[in-house]
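In my numbering, the protein residues as written are 298 to 654.
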Amino acid sequence: MYGCVSLYNIFAKEAGGEVCAGGVASLLLQHSVRVVVCCDRLDSVDFVDSFKLGGNPILGWIIDCAQNRNLFFELFSHFSHCSYYSDDGHYFGSTSSSEYLNPIRQKQQAYLTDDSAFCLEWACRIVEAKIRNSLTLLDSLGSLCELTEEDTKGLRHSLDSLRYAETVDMVLGFEGNAAKSYFKCLSKAVVPEELRFSGRSSRPPKDPFNSMLSFGYSVLYRNIIGAIERHGLHPYFAFMHKLKLGHAALASDLVEDLRAPLVDKTVLEFVNSGEVGPDDFEPNGAGAIYMKREIMRRLTSLLSRTLVKGQPFFSAFGDKKSYGFQVMLDKKIVSVIAGIEKGDASLYTPFVWELEA
298 MYGCVSLYNI FAKEAGGEVC AGGVASLLLQ HSVRVVVCCD RLDSVDFVDS FKLGGNPILG
358 WIIDCAQNRN LFFELFSHFS HCSYYSDDGH YFGSTSSSEY LNPIRQKQQA YLTDDSAFCL
418 EWACRIVEAK IRNSLTLLDS LGSLCELTEE DTKGLRHSLD SLRYAETVDM VLGFEGNAAK
478 SYFKCLSKAV VPEELRFSGR SSRPPKDPFN SMLSFGYSVL YRNIIGAIER HGLHPYFAFM
538 HKLKLGHAAL ASDLVEDLRA PLVDKTVLEF VNSGEVGPDD FEPNGAGAIY MKREIMRRLT
598 SLLSRTLVKG QPFFSAFGDK KSYGFQVMLD KKIVSVIAGI EKGDASLYTP FVWELEA
């Protein structure tokens, strides 16, 4: 079994790619632990044998728990969250330090899942940000395709209709209508005709583009779970996505506004670069389409670069500073905590994407 320790507060310098982590870095060098660029599945990662990554961001370490037991425990004393994987890359689960558990906060969090007014305000804020970000991406694609007002009518109608929503289910209905319109438009921006797709398919992904989207969303989802637990919240109690077994619903809530600007944009640029084609994918027995190892490695690298790049995530709320993904997540979840502790969903600050002039 392998443990994957997220490198929160350990950064890769863009210049030279050297990791700066004080004694922890020295400890890792001493034990010759390999660096992993992505922590979602072992079969998707790009292992290297040194700290010199040529600018590639480092998201975590893979540690063989049997051979490096003492190292693993020493690292866990520095970091709060560790995920566990089998030898063939299947996700088992995770552990978090009890130091970060906050039962009082989690009790209030669970209580608010039954507060219809809080949940409605929360869902409206998330879906409004998601639709706005989807429109921002589409508006930036003028050089790739000509989209008419009729093409984006579904998104704009759903955005305008949110003000009339009386339940979370109504909000989700508007979100679904917007998504149908959005993915139809996004497909038109795919230059290689053989990689264009017909709508969103996720379980299972039925085409190469959807396969890459699902992979990218999974990377965000896993990162968000760790950040939620790091702040003493419970990842399963959410206010828009429904409670169900095996689903970190709060992570699903928090990923929505990040899909278009981080994953969809990266996948679209990758596809239109000409560096990926139909032969880079293969079906399984159930009809799902999955990336081959090499193309998964390359997409992982691109997503990692997107996540480490600083941008003004909160400019819509007056904060013009640029933040990397992990710092942004922390600030985002601090606003979630504020909303939970005060019982006011309007205190949550989603990412509303504004293109730089």
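Ideal Cβ positions, reconstructed from N, Cα and C, are used throughout, including at glycine.
F614 places its beta carbon 8 Å or farther from that of A426. Around E579, the same chain offers Y587 and K589 as residues with beta carbons nearer than 7 Å, after the five sequence neighbours per side are excluded. For the pair G470 and H528, the Cα-to-Cα distance works out to about 31 Å. Between A642 and R422 the beta-carbon gap is near 7 Å, inside 8 Å, which marks them as a contact. Spatial neighbours of G513 in its own chain (CB-CB distance under 7 Å, excluding positions within 5 residues in sequence) are listed in chain order as V560, T563, V564 and L600.
Nearest to A414 by C-alpha distance, out of V468, S437 and T433, is V468.
Within the stretch 570-606, the complete alpha helix (DSSP H) runs of at least 4 residues fall at 590-605. In the pairwise beta carbon analysis, the stretch 596-612 is classified as not touching the stretch 525-542: fewer than three pairs are separated by under 8 Å.
DSSP places F471 inside the alpha helix (DSSP H), whose first and last residues are V465 to K485. At a Cβ-Cβ threshold of 8 Å, V568 and I592 do not count as neighbours.
The three-state secondary structure of Y518, taken from DSSP, is helix. For Y620, the pairing in a beta bridge is given by DSSP as Q608.
Across the set E638, I634, F611 and A475, the C-alpha of F611 shows the shortest separation from the C-alpha of M625.
DSSP, read as helix, strand or coil, puts T433 in helix. Taking each of R595, P501, Y518 and F506 in turn and checking the Cα distance to E490, the smallest one comes out for F506. Between Y408 and G582, the alpha-carbon positions lie close to 43 Å from each other.
Only residues of its own chain outside the window of five on either side were considered, and among them G496 and R497 have a CB closer than 6 Å to the CB of F480, listed in chain order. Taking the Cα of A486 as reference, the smallest distance to any Cα among T445, Y620 and V631 is reached at T445. Burial of Y645 is indicated by the presence of at least 16 other C-beta atoms within 10 angstroms of its C-beta. Nearest C-alpha to S570 among L596, L510, F536 and A585: L596. It is roughly 31 Å from the alpha-carbon of E463 to the alpha-carbon of L510. Taking the C-beta atoms as reference points, A475 is found nearer than 8 Å to G451. For E566, the secondary structure class from DSSP, reduced to helix, strand or coil, is helix. I637 and Q406 have their C-alpha atoms some 6 Å from each other.
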